[in-house]
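Student: Can you keep this structure in mind? I'll have questions shortly.
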């Protein structure tokens, strides 16, 4: 517990400082996190992170990040789609070139991971570069981090009913409810500083982010259970790896993006 708190506190402080700096510093940090995250994803699938199979995935992740940094609106979407289609062609060609040593399941695993990690981290950069981007970033981070904290401590203290034991045996209904409540409180508190948000919109958005964040946590738990690993990595003592720490945020950002598009 002590190690978890120390790592979490120092990590959060460092991340928030770079978030405040913004610009190339923040973009560089996100690119580094995305790279480590995809390496962890390869590791979970028992695929060497530096191999003919994983390199196209890294190139996809970096290209998606580049699209988010250098393009806006429909131009970013168009460039991102080109990256996705190019990556798909390359992954399929690898199956032929490797004479089926890379099968369709490994191809699908690496391709989906590149999309998930690439777009998730790319939206973190795009959000920071919006009008009032620092406040928006703090809003989303506050909702996610408050939800994680609430779910962890409420679950430890009051958790009795299992939420989804087949995927994550330690998560409880009580912990989930506690996380949602704390997420909404944090969201409403931070949103008061964002001119574009009234309290009704803040409430709906905080709930959407909180629910999406918990689903993102379960998604990564499902991947880890399928691949037979406990943590995505060991970079953050007491927390696991980069994906263990950012799983909720990545999924929430994907959902927010879809919500904005629809």
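Residue numbers (my numbering): 2 to 263. Idealized CB from N, CA, C, for every residue including glycine. Nothing here was measured: the structure is a model prediction, and the numbers come from that model.
Using 8 Å as the Cβ pair cut-off and three pairs as the minimum, do the region 14 to 34 and the region 204 to 217 touch?
Tutor: no
Student: Three or more beta-carbon pairs under 8 Å between the region 236 to 249 and the region 132 to 142, yes or no?
Tutor: no
Student: For my contact list, residue 38 and residue 98 are in at a C-beta cut-off of 8 Å; report their separation, rounded to the angstrom.
Tutor: Incorrect: roughly 26 Å between the Cβ atoms, too far for contact.
Student: Could you name each continuous alpha helix (DSSP H) segment of 4 residues or more that falls completely within the region 185 to 255, going from the start of the chain to the end?
Tutor: 200 to 228
Student: Compare the Cα-Cα distances from residue 146 to each of 19, 65 and 181 and report the closest residue.
Tutor: When only C-alpha atoms are compared, the closest one is 181.
Student: For the candidate residues 235, 247, 249 and 258, whose alpha-carbon lies nearest to that of residue 4?
Tutor: 235
Student: DSSP puts residue 173 in a beta bridge; with which residues?
Tutor: 163
Student: Give me the Cα-Cα distance between residue 113 and residue 54, rounded to the nearest whole angstrom.
Tutor: 13 Å
Student: Among the candidates 205, 190, 82 and 94, whose CA atom is the shortest distance from the CA of residue 260?
Tutor: The option with the nearest alpha carbon to residue 260 is 205.
Student: Taking the C-alpha atoms as reference points, what is the distance between residue 138 and residue 16?
Tutor: Going from the Cα of residue 138 to the Cα of residue 16 covers about 12 Å.
Student: If residue 161 and residue 173 are in contact, beta carbons under 8 Å, what's the gap, nearest whole angstrom?
Tutor: The pair is a contact, with the Cβ atoms about 7 Å apart (cut-off 8 Å).
Student: DSSP on residue 103, reduced to helix/strand/coil?
Tutor: coil
Student: Determine the contact status of residue 176 and residue 123, defining contact as a CB-CB distance below 7 Å.
Tutor: Not closer than 7 Å, so no.
Student: Using the three-state DSSP reduction, which class does residue 89 fall into: helix, strand or coil?
Tutor: helix
Student: Can you find the residues in the same chain that come closer than 6 Å, C-beta to C-beta, to residue 223, ignoring five residues on each side of it along the sequence?
Tutor: 168
Student: For the alpha helix (DSSP H) that contains residue 168, what are its first and last residues?
Tutor: It is not in any alpha helix (DSSP H) - residue 168 carries neither H nor E in the DSSP assignment.
Student: For residue 43, decide whether its Cβ has a neighbour in chain D, counting only Cβ atoms nearer than 7 Å.
Tutor: In summary, chain D is missing from the structure at hand, where a single protein chain is found.
Student: Quick check on the DSSP output: the alpha helix (DSSP H) that includes residue 57 runs from which residue to which?
Tutor: 56 to 71
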